[in-house]
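A.B. asks: Got a structure here, written out as structure tokens. Questions coming.
There are 2 protein chains.
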Amino acid sequence: MESSNGNKRKRPWMGWLLFSVAMVVVFFMGLLASSIMERRAEALFAYTPQVELEEWEPRSEMWGENFPRQYQSYLLTSDTMFASKHNSNRADDLLARYPEFVVLWAGYAFSRDYNAGRGHYYAVEDVHNTLRTGAPMTPEDGPQPATCWTCKSPDVIRLMERDGVAGFYSQTMAYYGPEVVNYIGCIDCHNGATMNLRISRPALIEAYENMGKDITKATHQEMRSLVCAQCHVEYYFDQNKVEGANYLVFPWHKGLTAEDMEAYFDEIGFADWTHALSRAPMLKVQHPDYELYKYGIHAQRGVACADCHMPFRSEGGLKFSDHRMTSPLNNVANTCQVCHREEAANLIQTVYGMQDRILEIRRQLEKQLVRAHVEAKKAWNLGATEEQMHDVLQGIRQAQWRWDFVAASHGAAFHAPLESARIIGNGISIIQETRLQLARILASLGHNEPVPYPPIATKAEAQSYIGLDMDQLRQDKEVFLKTIVPKWIEEAVQREKGYRVTRL
Amino acid sequence: MESSNGNKRKRPWMGWLLFSVAMVVVFFMGLLASSIMERRAEALFAYTPQVELEEWEPRSEMWGENFPRQYQSYLLTSDTMFASKHNSNRADDLLARYPEFVVLWAGYAFSRDYNAGRGHYYAVEDVHNTLRTGAPMTPEDGPQPATCWTCKSPDVIRLMERDGVAGFYSQTMAYYGPEVVNYIGCIDCHNGATMNLRISRPALIEAYENMGKDITKATHQEMRSLVCAQCHVEYYFDQNKVEGANYLVFPWHKGLTAEDMEAYFDEIGFADWTHALSRAPMLKVQHPDYELYKYGIHAQRGVACADCHMPFRSEGGLKFSDHRMTSPLNNVANTCQVCHREEAANLIQTVYGMQDRILEIRRQLEKQLVRAHVEAKKAWNLGATEEQMHDVLQGIRQAQWRWDFVAASHGAAFHAPLESARIIGNGISIIQETRLQLARILASLGHNEPVPYPPIATKAEAQSYIGLDMDQLRQDKEVFLKTIVPKWIEEAVQREKGYRVTRL
């Protein structure tokens, strides 16, 4: 005691030093507290609704008043930012890059026009523009049913509410032309009143029911993938479910693998179309993105679509989910590197390595499929019988299903590289047996030599080879775009009056 | 001041309390320091050499005196502990599990006997036992050259020193029977004087030279894979390099991919054997473990063989590298989980998923190859010409090279799953074109129908199908094991006298 008191008396400056240090510390703590409070105020302001949203408000602009950061980043989906090594051009014409696709889809609308997917911003516009939707001049005209709109616009929710789900699926695409004008938006995934994630489309809910599962039991983290799985899946139009309707169904009844879905289609005897060359009963794969992702390591470790495609960002002291859905390769720092402590260049190189390998074997299979179709055509020309060709046509169907499963799925090579390779490998094996059968049929019909590879070096050559009149299709489309689409939009504007219509 | 002093005077027990707490803390710090010092002493003792080792000391027991933990864990390689899902039996007879292998290797010694690899402990014993080495009754007898011993024993270093590298490669295996008695040991990877990792075999050093690289520039982390790459690689016996010698060469001149090595073999016109059924000029892949690993994510992130196959352990306060080289799946906690924060069961499941997928497509290719061989045999039987068959035989060679590259590589499905799938996919594509050519040749020779799959449901059936007299081979081997091998060992014991011989 004595000594301690003695110290104080001997060094009076010590007390002043401690006092000064304490003052400085307190001053900076004050600054910090102030900074924290300012951010709080900002957050409080940012998350106080500016306008009141109805639960089913379809106009994303209205949501944007309350959630400007999410909305503004979502608007950036207008810049698609392709990031795949093999997908480096904007609005990439995949038929031009891979003319084989034209032959593989001969007799089906995809052989006319097939581009790399663009941002959500273009969802409605691209439906107008693609040659696949033709040129419907009246509301009754085809070729496409209203079902095609299902994933393209929040207006669909209103129309399904008004006309019933089956009623909606029973119309033509053109019938709803003046109604479907807003591109994919907030309401497609969110509840306007609570902002919670919500499944807005019946097909996914019904797909869960078909598997004996209840989607309302999904966790929030599962929902961060399931809202995407409303659309980024394999599906087909069932014409037997409700009379007169092209009912949207996910073929998940037996499971999510390529084999599971094929088994379902085989059981119900479904085919999307009959191939124009080989006459095989074909299946068109849509985009089994969610299904393939489920067999990849990221899904298996609990990573959701949104974790990589909608990473969290920070702006003005606020953390928010980036709604510019794009390839994580455009934003490695906020996606891959959140978990993987590795240089961005190395991470990207790894993904490119996956893409290269899958592309290499996928390309082999697509050329083998082209050969199988032209060999089958040759066999028919030489007088092959239905009975002779039965197994061949099944083999073509099965092998092309596997090819398309990987080719059509966005990001297959990354989402599930080995599962993709397995599927392609099976496809190559199946088409091998099929082409051997074809070789023997051809030999029995007097043709014991290779059937020449068709002249399909370019998209134009390939389309000409399968007999498409592209000039006519383009002309019709031009008339449609100049005369019909402007009327649809005008009608929407008149009907909605002050009620805004997105992107006119 | 006043108030503080007043406090102290009012609570004198406070000072004693602080004093007591300080005493307790100091006491425990003392205990901790003592514990640290004890461990230091132990480490000092543990790493003080008990015996002095010569730089090229071949007897692992001697090293074991200085490094008991490393040595004792190395002895555990006597328990192979198979961990692969598809490899769950000990000393697994792979010909029994996949009788197709017998047909694919018809005309080559592998069709007689091929087991899953066992631990290093069995390196010498397994050379004696396998039917592939036959029954050499004199030092001049074949069928195998001394080159087969190269990777099996530290005695090889002494023999190469004594007889020269080319001299060693010029003898028969039987010639060195009494000399090669110690199984793979410390000296094969370590310098006895410094304990540094060291390349002891010329083939890897020469392979680096052939690529224009200098292996002495390898980092320590690279050496932790390169010592393994002395043996766990693709290699062949070059008979043109030094006359009379079966010179061990790694075909790395153009690179390490399946295609790079194939291009090298094609360039030098090399074949391991002519297939007994198809007459194709075949390549036998050995075990391109290091090469495939280089194309996997672990190598690309700088993980060495030793990181997973020789993880660090702690014992008695000492950290040491576990020399029980086995599948990391036997020791997930010290291998995978060092980096991957995930339940062991999930990690194992992920590896099984890789193995399942690769096995699925590999099995397809091996059955297609069996068919190709029997189809080719049928074509020869029906009078096909060399000219007609030229491309077919090349195709069989190429496709089987790809199959074997994955089938023979230890852990291919894990080390580089997608590269393995790519190679298999290419193999399936190549054999497709080959079998189509065969179908047309067969049709032209009057056989326009499938060639039946051979009766190879079991190993015995398959061996009988390709005309092997297994009873004779087994009888000869028994005589050899009973009469020759004991003499070899006796001779070694006599020669070495006090100089110990491992495992008698």
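Sequence lines, in order, name chains H and W.
Residues in the first sequence are numbered consecutively from 1, following the numbering used here.
Residues in the second sequence are numbered consecutively from 505, following the numbering used here.
Where a beta carbon is used, it is the ideal one built from N, C-alpha and C, also for glycine.
With a cut-off of 8 Å, do at least 3 Cβ pairs link the region 734-753 of chain W to the region 652-671 of chain W?
C.D. replies: yes
A.B. asks: If you draw a straight line from the C-alpha of proline 958 of chain W to the C-alpha of threonine 130 of chain H, how long is it?
C.D. replies: Start at 1 with the first residue of the second sequence, and residue 958 of chain W comes out as number 454. Start at 1 with the first residue of the first sequence, and residue 130 of chain H comes out as number 130. So the alpha carbons of these two residues sit roughly 53 Å apart.
A.B. asks: Ordered along the chain, which non-local residues of its own chain (more than five positions away) have a Cβ less than 6 Å from that of glutamine 902 of chain W?
C.D. replies: Counting from one through the second sequence, the residue named residue 902 of chain W turns up at place 398. Taken in chain order, the residues that qualify are Ile934.
A.B. asks: So, is asparagine 744 of chain W buried or exposed, given that buried needs 16 or more other C-beta atoms within 10 angstroms?
C.D. replies: Reading the second sequence from its first residue, position 240 is the one you call residue 744 of chain W. Burial call: exposed.
A.B. asks: Here's a check: name, in chain order, each residue in its chain whose Cβ is nearer than 8 Å to the Cβ of asparagine 885 of chain W, leaving out the five neighbours to either side.
C.D. replies: Here residue 885 of chain W corresponds to residue number 381 of the second sequence, with the count starting at 1. Closer than 8 Å at Cβ, skipping near neighbours: no residue.
A.B. asks: Note the first and the last residue of the continuous beta strand (DSSP E) segment covering serine 321 of chain H.
C.D. replies: For the purposes of this step, residue 321 of chain H is taken as residue 321 along the first sequence, with counting starting at 1. It spans 318-321 - the beta strand (DSSP E) in which serine 321 of chain H sits, taken as one unbroken run.
A.B. asks: Please specify which runs of the beta strand (DSSP E), each continuous and at least 3 residues long, are wholly inside the region 797-836 of chain W, giving them in chain order.
C.D. replies: 816-819 and 822-825
A.B. asks: Is valine 479 of chain H buried or exposed, if buried means 16 or more other CB atoms sit within 10 Å of its CB?
C.D. replies: In the first sequence, the residue the question calls residue 479 of chain H occupies position 479. Exposed: under 16 other Cβ atoms inside 10 Å.
A.B. asks: Count the other C-beta atoms from every protein chain shown that fall within 10 angstroms of the C-beta of alanine 526 of chain W, then say buried if there are 16 or more, exposed otherwise.
C.D. replies: By one-based count along the second sequence, residue 526 of chain W stands at place 22. Exposed is the call here.
A.B. asks: Give every residue of the same chain whose Cβ lies closer than 7 Å to the Cβ of proline 328 of chain H, excluding the five residues on either side of it in the sequence, and list them in chain order.
C.D. replies: Within the first sequence, residue 328 of chain H is the residue found at index 328, counting from 1. Counting only Cβ-Cβ distances below 7 Å, and skipping sequence neighbours, we find Cys308, His309, Thr335 and Cys336.
A.B. asks: I'd like to know if serine 444 of chain H contacts chain W, where contact means its C-beta is closer than 8 Å to some C-beta of that chain.
C.D. replies: Position 444 of the first sequence, counted from the start, is the residue given in the question as residue 444 of chain H. Yes - at least one Cβ of chain W is within 8 Å of the one on serine 444 of chain H.
A.B. asks: Which of the three DSSP states, helix, strand or coil, is assigned to aspartate 238 of chain H?
C.D. replies: Indexing the first sequence from 1 puts residue 238 of chain H at position 238. Aspartate 238 of chain H falls in the strand class under three-state DSSP.
A.B. asks: Could you pull out every residue in the same chain whose Cβ sits closer than 7 Å to the Cβ of aspartate 126 of chain H, ignoring the five residues on either side in sequence?
C.D. replies: Here residue 126 of chain H refers to the residue found at position 126 of the first sequence. Excluding residues within five positions, the ones whose Cβ falls inside 7 Å are Arg118.
A.B. asks: On the CB-based measure, 16 or more other CB atoms within 10 Å of its CB, does alanine 849 of chain W come out buried or exposed?
C.D. replies: Along the second sequence, read from residue 1 onward, the residue named residue 849 of chain W stands at position 345. Exposed, because fewer than 16 other Cβ atoms sit within 10 Å of the Cβ of alanine 849 of chain W.
A.B. asks: Assign proline 649 of chain W to one of three DSSP states: helix, strand, or coil.
C.D. replies: Residue mapping note: residue 649 of chain W aligns to position 145 of the second sequence, counting from 1. Correct three-state label for proline 649 of chain W: strand.
A.B. asks: Below 8 Å between beta carbons: does that hold for proline 658 of chain W and glycine 689 of chain W?
C.D. replies: Numbered from its first residue, the second sequence carries residue 658 of chain W at position 154. Numbered from its first residue, the second sequence carries residue 689 of chain W at position 185. The answer is yes: Cβ separation under 8 Å.
A.B. asks: Indicate whether at least one CB of chain H lies closer than 8 Å to the CB of threonine 854 of chain W.
C.D. replies: Numbered from 1 along the second sequence, position 350 holds the residue referred to as residue 854 of chain W. So, interface residue.
A.B. asks: Compare the beta carbon distance of valine 124 of chain H and valine 370 of chain H with 8 Å and say whether it is the shorter of the two.
C.D. replies: In the first sequence, the residue the question calls residue 124 of chain H occupies position 124. In the first sequence, the residue the question calls residue 370 of chain H occupies position 370. Between valine 124 of chain H and valine 370 of chain H, the gap from beta carbon to beta carbon reaches 8 Å or more.
A.B. asks: Going along the chain, which residues of the region 407-420 of chain H sit with their C-beta nearer than 8 Å to a C-beta in chain W?
C.D. replies: Pro417, Leu418 and Glu419
A.B. asks: Determine the burial state of alanine 33 of chain H: buried for a count of at least 16 other Cβ atoms within 10 Å of its Cβ, exposed for fewer.
C.D. replies: Here residue 33 of chain H is taken as the residue at index 33 of the first sequence, counted from 1. Alanine 33 of chain H should be labelled exposed.
A.B. asks: With tyrosine 602 of chain W as the anchor, note down where its alpha helix (DSSP H) starts and where it stops.
C.D. replies: Residue numbering aside, residue 602 of chain W sits at position 98 when the second sequence is read from its first letter. No alpha helix (DSSP H) holds tyrosine 602 of chain W; DSSP gives it neither H nor E.
A.B. asks: Verify the CB distance criterion: does isoleucine 428 of chain H have a CB-CB separation below 8 Å to chain W?
C.D. replies: As a first step, residue 428 of chain H must be located in the first sequence, where it is residue number 428. Yes, its Cβ sits closer than 8 Å to a Cβ of chain W.
A.B. asks: Closest by CA to tyrosine 740 of chain W, which one among W/Cys652, W/Arg805 and W/His877?
C.D. replies: Indexing the second sequence from 1 puts residue 740 of chain W at position 236. Checked all of W/Cys652, W/Arg805 and W/His877; the closest Cα to tyrosine 740 of chain W is W/Cys652.
A.B. asks: If contact means a Cβ-Cβ distance below 9 Å, which residues of the region 795-820 of chain W contact chain C?
C.D. replies: Among the protein chains in the structure shown, which are H and W, there is no chain C.
A.B. asks: Mind listing which residues of the region 349-378 of chain H have their C-beta closer than 7 Å to chain W's C-betas, in chain order?
C.D. replies: Thr350, Met354, Arg357, Glu360, Ile361, Gln364 and Gln368
A.B. asks: Please specify which runs of the alpha helix (DSSP H), each continuous and at least 4 residues long, are wholly inside the region 952-996 of chain W, giving them in chain order.
C.D. replies: 963-969 and 974-983
A.B. asks: Answer with yes or no whether the minimum CB distance from glutamate 100 of chain H to chain W is below 8 Å.
C.D. replies: Here residue 100 of chain H refers to the residue found at position 100 of the first sequence. With 8 Å as the cut-off, glutamate 100 of chain H does not count as an interface residue toward chain W.
A.B. asks: By how many angstroms is the C-alpha of leucine 75 of chain H removed from the C-alpha of tyrosine 121 of chain H?
C.D. replies: Start at 1 with the first residue of the first sequence, and residue 121 of chain H comes out as number 121. Start at 1 with the first residue of the first sequence, and residue 75 of chain H comes out as number 75. Near 7 Å, if we compare the C-alpha coordinates of leucine 75 of chain H and tyrosine 121 of chain H.
A.B. asks: As a quick exercise: from W/Cys735, W/Lys823 and W/Ser924, pick the residue whose alpha carbon is nearest that of phenylalanine 909 of chain W.
C.D. replies: Translated into the one-based positions of the second sequence, residue 909 of chain W becomes position 405. With distances taken between Cα atoms, phenylalanine 909 of chain W lies closest to W/Ser924.
A.B. asks: DSSP three-state label for asparagine 115 of chain H, please.
C.D. replies: For the purposes of this step, residue 115 of chain H is taken as residue 115 along the first sequence, with counting starting at 1. In the structure shown, asparagine 115 of chain H sits in a strand (DSSP, three-state: E or B).
A.B. asks: Say whether chain W places a C-beta atom closer than 8 Å to the C-beta of leucine 75 of chain H.
C.D. replies: Position 75 of the first sequence, counted from the start, is the residue given in the question as residue 75 of chain H. Taking a beta-carbon distance threshold of 8 Å, leucine 75 of chain H does not count as an interface residue toward chain W.
A.B. asks: Could you tell me the alpha carbon to alpha carbon distance between asparagine 448 of chain H and leucine 942 of chain W, rounded to whole angstroms?
C.D. replies: Here residue 448 of chain H corresponds to residue number 448 of the first sequence, with the count starting at 1. Here residue 942 of chain W corresponds to residue number 438 of the second sequence, with the count starting at 1. Cα to Cα, asparagine 448 of chain H sits roughly 11 Å from leucine 942 of chain W.
A.B. asks: Does the Cβ-Cβ distance between glutamine 70 of chain H and phenylalanine 320 of chain H come in under 8 Å?
C.D. replies: As a working note, residue 70 of chain H is residue 70 in the first sequence. As a working note, residue 320 of chain H is residue 320 in the first sequence. Taking 8 Å as the Cβ cut-off, glutamine 70 of chain H and phenylalanine 320 of chain H qualify as a contacting pair.
A.B. asks: Over what stretch of residues does the alpha helix (DSSP H) that includes valine 338 of chain H continue unbroken?
C.D. replies: Against the first sequence, residue 338 of chain H aligns to sequence position 338. Run containing valine 338 of chain H: 336-339, per the alpha helix (DSSP H) assignment.
A.B. asks: For a test of your reading of the model: does the CB of valine 233 of chain H fall under 7 Å from any non-hydrogen atom of the ligand MN? Yes or no.
C.D. replies: As for the ligand MN, it is missing from this structure, which has no ligand bound.
A.B. asks: Taking CB distances under 8 Å as the criterion, tell me whether glutamate 342 of chain H reaches chain W.
C.D. replies: For the purposes of this step, residue 342 of chain H is identified with residue 342 of the first sequence, where counting begins at 1. It does; some Cβ of chain W falls within 8 Å.
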